[in-house]
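Below is one structure, written out as structure tokens; the observations come after it.
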Amino acid sequence: MWKQWLIAVVLVAVVAAGAGIYLNLESGDSGQSGGEAQASAVNVVTPERQRVRDTVGAVANLRALNSVELTTEVSGRVMELNLQPGTAVAQGAVLLRLDDRQARADLAVIEAQLADARRQYERAQRLRANNSISQSQVDELRTAVDVAIAQREAARVRLQNHRIEAPFAGVVGLSDISVGAFLQAGTTITTLDTNDRMELNFAVPERFIGQVRIGQRVRATSPAFPGETFEGELIELATRINELSRTLSVRALIDNSEGRLRPGQFMSASLTLQEREGLVIPEQAVMIRGDQKYVFVAEDGVARRVSVRTGSRMPGLVEVVDGLEAGDQVVVTGQDRLSTGDRLRLLESDLAIPDNRFISSRES
83 MWKQWLIAVV
93 LVAVVAAGAG
103 IYLNLESGDS
113 GQSGGEAQAS
123 AVNVVTPERQ
133 RVRDTVGAVA
143 NLRALNSVEL
153 TTEVSGRVME
163 LNLQPGTAVA
173 QGAVLLRLDD
183 RQARADLAVI
193 EAQLADARRQ
203 YERAQRLRAN
213 NSISQSQVDE
223 LRTAVDVAIA
233 QREAARVRLQ
243 NHRIEAPFAG
253 VVGLSDISVG
263 AFLQAGTTIT
273 TLDTNDRMEL
283 NFAVPERFIG
293 QVRIGQRVRA
303 TSPAFPGETF
313 EGELIELATR
323 INELSRTLSV
333 RALIDNSEGR
343 LRPGQFMSAS
353 LTLQEREGLV
363 IPEQAVMIRG
373 DQKYVFVAED
383 GVARRVSVRT
393 GSRMPGLVEV
403 VDGLEAGDQV
413 VVTGQDRLST
423 GDRLRLLESD
433 LAIPDNRFIS
443 SRES
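And the structure:
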């Protein structure tokens, strides 16, 4: 019986000790909550002034400033060939000559006929002065001279058609023609492109047409040349809006003095609508709730929520049009747990803003 009483006494003592410990913990927590809240550790940055661009991006394609497929106008056998793919040629250079012996002979016959017609006409003029022949005979001989002159010009054109000359300075394309081959009229022999400057064709959404002007800067990039930017300017605007895509077709001129770009190449174009000096902050500092955008600013060690209006975006950065000043300390880490009035403990770290892997590919 005394063992049962001993167990009961021990249990009462354990319960009493537990109750005491619990009361002490409660009193400690209440005392701590009555003091100041612990400061939140955050990183801050100061807004910077940078050159800001309002741009429009689009998919574009390249086209040679002058481009033509050279074809034969007459049939004949190739006698001379000056086609070296990829080489530059001057305007008027002979690229191909067909067998023109028959055409030269025809021209010689007509020139002889013209010379005879002129002699007869001159003789008739002398005889007419003595009234030995009628005026109608003189007129007939004059007509014969005119016909012979026209036939000579036609023969010269037929002879010229046996030669293919470069209509403008450019670069010769590929060709499968060989000396001695017989070509039918209309056979394509090669291409000729002017590639020191290239046309960049793309389309701008309809909502931006009020800001598009000839002379605006255009930057283009290509997957074929990672990290490189090709610059040019807008030179032509279409006169109509595409009813299906609601876009305006535009054309820019891109420098290609090194000859690396090729006609038909795919490009990503960026049209600069305007440039200005703007205040920018890291994009990770901006919080969005519904249609509101805001940041937290550190003032005397205390957080303050500030509504902002943003503008253009750049890789890792965003322009702040309204709401911040150049000297404000903007919170860039831990702001998702802050409220206005919270105490802050400012940290210094270069790792607060991670590197943006898109900066190298989009910077210009």
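Under this note's numbering, the first residue of the sequence shown is numbered 83, with each subsequent residue one higher.
The beta carbon of each residue, even a glycine, is placed where N, CA and C say it ideally should be.
As the structure is a prediction and not an experimental result, all values here were calculated from the model.
I need the boundaries of the alpha helix (DSSP H) containing residue i, first residue and last residue.
{"i": "serine 218", "result": "217 to 242"}
{"i": "glutamate 193", "result": "183 to 211"}
From the DSSP output, in three-state form, read off residue i for me.
{"i": "glutamine 120", "result": "coil"}
{"i": "aspartate 382", "result": "coil"}
{"i": "glutamate 365", "result": "helix"}
{"i": "aspartate 111", "result": "Summary for aspartate 111: the model assigns pLDDT 47, below 50, so the residue's position carries little reliability, and this model does not support an answer."}
{"i": "arginine 344", "result": "coil"}
{"i": "glutamine 411", "result": "coil"}
{"i": "aspartate 404", "result": "strand"}
{"i": "glutamine 417", "result": "helix"}
Could you check how far apart the C-beta atoms of residue i and residue j are, in whole angstroms? I think they sit under 8 angstroms.
{"i": "isoleucine 271", "j": "isoleucine 296", "result": "Isoleucine 271 to isoleucine 296, Cβ: 37 angstroms. No contact."}
{"i": "alanine 320", "j": "leucine 282", "result": "At roughly 14 angstroms, the Cβ-Cβ gap does not stay under 8 angstroms, so alanine 320 and leucine 282 are not in contact."}
{"i": "valine 127", "j": "valine 412", "result": "6 angstroms"}
{"i": "leucine 180", "j": "methionine 161", "result": "6 angstroms"}
{"i": "glutamine 132", "j": "valine 254", "result": "That pair is no contact at about 46 angstroms."}
{"i": "serine 304", "j": "phenylalanine 348", "result": "7 angstroms"}
{"i": "glutamate 288", "j": "leucine 330", "result": "7 angstroms"}
{"i": "aspartate 410", "j": "valine 379", "result": "5 angstroms"}
What are the boundary residues of the beta strand (DSSP E) that residue i is part of?
{"i": "arginine 295", "result": "Per DSSP, arginine 295 belongs to no beta strand (DSSP E) and is neither H nor E."}
{"i": "aspartate 278", "result": "270 to 287"}
{"i": "isoleucine 246", "result": "245 to 247"}
{"i": "phenylalanine 312", "result": "312 to 324"}
{"i": "glycine 158", "result": "158 to 163"}
{"i": "glutamine 132", "result": "130 to 153"}
{"i": "isoleucine 259", "result": "Note, isoleucine 259: premise wrong, no beta strand (DSSP E); not H, not E."}
{"i": "serine 331", "result": "329 to 337"}
{"i": "alanine 302", "result": "299 to 303"}
{"i": "threonine 169", "result": "Here threonine 169 belongs to no beta strand (DSSP E), and DSSP marks it neither H nor E."}
{"i": "glycine 252", "result": "252 to 254"}
{"i": "arginine 425", "result": "From DSSP, arginine 425 is part of no beta strand (DSSP E); its letter is neither H nor E."}
{"i": "glycine 393", "result": "391 to 396"}
Can you say whether residue i is buried or exposed, counting buried as having 16 or more other CB atoms within 10 angstroms of its CB?
{"i": "arginine 301", "result": "buried"}
{"i": "glycine 113", "result": "Confidence in glycine 113 is poor, its pLDDT being 43 and thus under 50, which makes the residue's placement unreliable; the coordinate value appears in the next sentence. Exposed, because fewer than 16 other Cβ atoms sit within 10 Å of the Cβ of glycine 113."}
{"i": "glycine 423", "result": "exposed"}
{"i": "glycine 174", "result": "exposed"}
{"i": "leucine 326", "result": "exposed"}
{"i": "asparagine 324", "result": "exposed"}
{"i": "aspartate 451", "result": "Residue 451 lies beyond the residue range present for the chain, which begins at 83 and ends at 446; the question has no answer from this structure."}
{"i": "proline 129", "result": "buried"}
{"i": "glycine 168", "result": "exposed"}
{"i": "asparagine 213", "result": "exposed"}
{"i": "threonine 415", "result": "buried"}
*Examine the Cβ distances between the stretch 366 to 378 and the stretch 388 to 398 and report whether three or more of them are shorter than 8 angstroms.*
yes
*Check whether the stretch 339 to 355 touches the stretch 297 to 316, taking contact to mean three or more Cβ pairs, one atom from each stretch, closer than 8 angstroms.*
yes
*asked:* When you compare the stretch 418 to 433 with the stretch 130 to 140, are there three or more beta-carbon pairs, one atom per stretch, that lie closer than 8 angstroms?
replied: no
*Evaluate the contact criterion for the stretch 228 to 247 versus the stretch 183 to 193: three or more CB pairs, one atom per stretch, below 8 angstroms.*
yes
*Using 8 angstroms as the Cβ pair cut-off and three pairs as the minimum, do the stretch 357 to 372 and the stretch 303 to 318 touch?*
no
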